[in-house]
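Enquirer: Plus 21 on top of the position in the sequence shown (first one is 1) and you've got the working numbering.
Just so it is clear, CB atoms sit at the ideal spot from N, CA and C, and this is done for glycine as well.
Nothing here was measured: the structure is a model prediction, and the numbers come from that model.
Structure incoming, see below.
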Amino acid sequence: MNFGFSEEQRDVQNLARSILSDLVSPEKLKPTDRYENERFDEELWGKLAEAGLLGVAIDEAHGGMGFGFMELSLLVEEAGRTIAPVPVIPALVSAALPLQKFGSDEQKARLLPGVASGKSLLTAALMEEQNENPAAPLLTKASKQGEGYTVSGVKLCVPFAHRAERILLSAQTDQGVVALLVDPKASGVTLNAMKVTTYEPQFELVLDKVAVAAEDVLAGPDKGAEVMQWLSERTMAALCAHQVGTTDVAMRMTASYTAERKQFGVPVATFQAVGHRAANCFIDVECLRLNTYQAVSRLSGGLNATNEVQIAKIWAGDVGHRVSYASQHLHGGMGIDRDYPLWRYCTWMRHNEMMLGSSAKTLSDLGKRIAAGEAFCS
22 MNFGFSEEQR DVQNLARSIL SDLVSPEKLK PTDRYENERF DEELWGKLAE AGLLGVAIDE
82 AHGGMGFGFM ELSLLVEEAG RTIAPVPVIP ALVSAALPLQ KFGSDEQKAR LLPGVASGKS
142 LLTAALMEEQ NENPAAPLLT KASKQGEGYT VSGVKLCVPF AHRAERILLS AQTDQGVVAL
202 LVDPKASGVT LNAMKVTTYE PQFELVLDKV AVAAEDVLAG PDKGAEVMQW LSERTMAALC
262 AHQVGTTDVA MRMTASYTAE RKQFGVPVAT FQAVGHRAAN CFIDVECLRL NTYQAVSRLS
322 GGLNATNEVQ IAKIWAGDVG HRVSYASQHL HGGMGIDRDY PLWRYCTWMR HNEMMLGSSA
382 KTLSDLGKRI AAGEAFCS
């Protein structure tokens, strides 16, 4: 049995790598540090659209390539390799993917062509204060108003909310969880800019009796929690794919530096302790890669992958921490020099760990499921 990527998947990966490596560099990222400029490369986003990559998992009927989650995850991994200043996860995974799966024909025809062409953005609000489970919102409430809803509450860390045509979010009703597409320009919506270590534009989303029309209801209370769990698992898997890219580059950057840096007249890479640290990083990255591909493959095939996603997310956090620490240690003072690119990768490794639950939180969730007989890990 062939467990490798198909020719089409390799083509998607190679195309993404070619565009991202050509258009993303430390010199181009530097102007966005410390919020001096917005961390969004419109030229790059446009090039990805021209290549068809923004629509890689969108049906051909709506301007996409018609591939699946595996191909989209390969794009995300390549974005992680360059820490590209574009919202591939929030726009393409957290928002467009569930819209493609659960949206009505009218919703898909109205919103997906703009995503595939790069002319419009979608995003998702998945986190609340002290709550990282979008399938069980605690601070966002909705009440029925005609065929639509009125929603109030607060969401945190909403990426690119100021550019989005719609923000996908969940809210609790008396009958259950609903999934709604909120217009950030609607009356009652307030966006408060947040500052984060990656410099990605993120916002606190405050909703005060915001009216959501029937055509912007993605899922009612009978299916809302299922939709949000579906997109949560795919977003977590995408974060793992991004982490594969970031940790792999950080590890290789470290190996290259230690092979050139000399001490006592020889490269420090020849020191046994240094070699062991670098080798452990390589093993960690490959283990993360395999666990991520396992989760993504099952999700892409429509199989239950809750265990695999949680395991991959635990690996993503732990590997990100260990690779970041070892890379900084082996670089010495150079690692924290802001004129050297390593520090940016370290901030994104931490971001990928903490989004939708840290390793400790995810391990606790998996442990509870095992104890309850809901999960079996061998």
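Scan the segment 70 to 143 and note each continuous alpha helix (DSSP H) run of 4 residues or more that stays entirely inside, going in chain order.
Expert: The segment 70 to 143 contains these whole alpha helix (DSSP H) runs: 90 to 103, 118 to 123, 126 to 138.
Enquirer: Are there 16 or more other CB atoms within 10 angstroms of the CB of residue 127, so buried, or fewer, so exposed?
Expert: Per the 10 Å Cβ criterion, exposed.
Enquirer: Quick check on DSSP: helix, strand or coil for residue 161?
Expert: Three-state result, residue 161: coil.
Enquirer: Would you mind stating whether residue 347 and residue 302 have Cβ atoms separated by less than 8 Å?
Expert: Yes, Cβ-Cβ distance for residue 347 and residue 302 is below 8 Å.
Enquirer: Specify, as a first and last residue, the run of the alpha helix (DSSP H) that residue 47 falls within.
Expert: Residues 47 to 50.
Enquirer: Identify, in the order they occur along the chain, each residue of the same chain with its Cβ nearer than 8 Å to the Cβ of residue 283, setting aside the five sequence neighbours on each side.
Expert: Excluding residues within five positions, the ones whose Cβ falls inside 8 Å are 289.
Enquirer: Among the candidates 113, 149, 56, whose CA atom is the shortest distance from the CA of residue 69?
Expert: The shortest C-alpha separation from residue 69 is found at 113.
Enquirer: List the whole-angstrom C-beta distance separating residue 191 from residue 245, where the pair is believed to meet the contact cut-off of C-beta under 8 Å.
Expert: Between residue 245 and residue 191 the Cβ distance is about 6 Å, and since that is below 8 Å, they are a contact.
Enquirer: For residue 418, I'd like the list of residues in its chain whose CB is within less than 8 Å of its CB, leaving aside the five on either flank, ordered along the chain.
Expert: Nothing in the structure corresponds to residue 418, since the chain is present only between 22 and 399.
Enquirer: Which partner residues does residue 362 have in the DSSP bridge list?
Expert: DSSP output for residue 362 lists no bridge partner at all.
Enquirer: Does the separation of the CB atoms of residue 102 and residue 210 fall below 8 Å?
Expert: The answer is no: Cβ separation not under 8 Å.
Enquirer: Round the Cβ separation of residue 108 and residue 144 to the nearest angstrom and send it over; I've been treating them as touching at under 8 Å.
Expert: Rounded, the Cβ-Cβ distance is 7 Å, consistent with contact.
Enquirer: Please determine, among 310, 335, 223, the residue with the shortest C-alpha to C-alpha distance to residue 265.
Expert: For the residues 310, 335, 223, the minimum Cα distance to residue 265 belongs to 310.
Enquirer: Candidates 233, 155, 236: which alpha carbon is nearest residue 198's?
Expert: Ranking 233, 155, 236 by Cα distance to residue 198 puts 155 first.
Enquirer: According to the neighbour-count rule (16 or more other Cβ atoms, all chains shown, within 10 Å of its Cβ), is residue 151 buried or exposed?
Expert: Answer is exposed; the Cβ neighbour count stays below 16.
Enquirer: Only counting the same chain, and skipping five residues up and downstream in sequence, which positions put a Cβ closer than 6 Å to that of residue 184?
Expert: Counting only Cβ-Cβ distances below 6 Å, and skipping sequence neighbours, we find 142.
Enquirer: Between which two residues does the alpha helix (DSSP H) holding residue 42 run?
Expert: Start and end: 28 to 44.
Enquirer: In whole angstroms, give me the CA-to-CA distance for residue 341 and residue 168.
Expert: Whole-angstrom Cα-Cα distance: 45 Å.
Enquirer: Where do the N-terminal and C-terminal ends of the alpha helix (DSSP H) with residue 299 fall, by residue?
Expert: That run of the alpha helix (DSSP H) goes 293 to 321.
Enquirer: Spell out the partners DSSP gives residue 225 in its beta bridges.
Expert: Per DSSP, 213.
Enquirer: Are residue 377 and residue 256 touching if we call contact CB-CB under 8 Å?
Expert: Cβ distance < 8 Å, so residue 377 and residue 256 count as in contact.
Enquirer: Does the separation of the CB atoms of residue 82 and residue 93 fall below 8 Å?
Expert: It is not a contact, given that the beta carbons lie outside the stated cut-off.
Enquirer: Starting from residue 173, follow the beta strand (DSSP E) in both directions and report where the run begins and ends.
Expert: Looking at the DSSP string, the run of the beta strand (DSSP E) that includes residue 173 is 169 to 180.
Enquirer: Could you give the distance in angstroms between the alpha-carbon of residue 320 and the alpha-carbon of residue 125?
Expert: Computed Cα separation, rounded: 22 Å.
Enquirer: With a threshold of 16 other CB atoms inside 10 Å of the CB of residue 159, please say whether the residue is buried or exposed.
Expert: Classification for residue 159: exposed.
Enquirer: Looking at C-alpha atoms only, which residue of 296, 187, 174 is the closest neighbour of residue 131?
Expert: Residue 131 has its Cα closest to that of 187, out of 296, 187, 174.
Enquirer: Is it right to say residue 110 is buried, meaning 16 or more other beta carbons lie within 10 angstroms of its own, or is it exposed?
Expert: Buried, since its Cβ has 16 or more Cβ neighbours within 10 Å.
Enquirer: Hey, would you say residue 261 sits closer than 8 Å to residue 326, going by beta carbons?
Expert: Not in contact: residue 261 and residue 326 (Cβ atoms no closer than 8 Å).
Enquirer: Starting from residue 345, follow the alpha helix (DSSP H) in both directions and report where the run begins and ends.
Expert: It spans 327 to 352 - the alpha helix (DSSP H) in which residue 345 sits, taken as one unbroken run.
Enquirer: In angstroms with no decimal places, state the Cα-to-Cα distance between residue 237 and residue 202.
Expert: In a straight line, the C-alpha of residue 237 is about 5 Å away from that of residue 202.
Enquirer: When burial is assigned at 16 or more other CB atoms within 10 Å of the CB, is residue 331 buried or exposed?
Expert: Buried.
Enquirer: Under the rule that 16 or more other beta-carbon atoms within 10 Å means buried, what is residue 334, buried or exposed?
Expert: By the neighbour-count rule (16 or more Cβ atoms within 10 Å), residue 334 is buried.
Enquirer: From what residue to what residue does the beta strand (DSSP E) around residue 186 run?
Expert: Residues 185 to 193.
Enquirer: Please look up how many angstroms separate the CB atoms of residue 272 and residue 344, rounded, as I've assumed it's under 8 Å.
Expert: Their Cβ separation, rounded to whole angstroms, is 6 Å, which keeps residue 272 and residue 344 in contact under 8 Å.
Enquirer: Evaluate residue 65 with the Cβ neighbour count: other Cβ atoms within 10 Å of its Cβ, from every protein chain shown; 16 or more gives buried, anything less gives exposed.
Expert: When all chains shown are included, residue 65 counts as buried.
Enquirer: Look up residue 240 in the DSSP assignment and say whether it is helix, strand or coil.
Expert: Strand, per DSSP.
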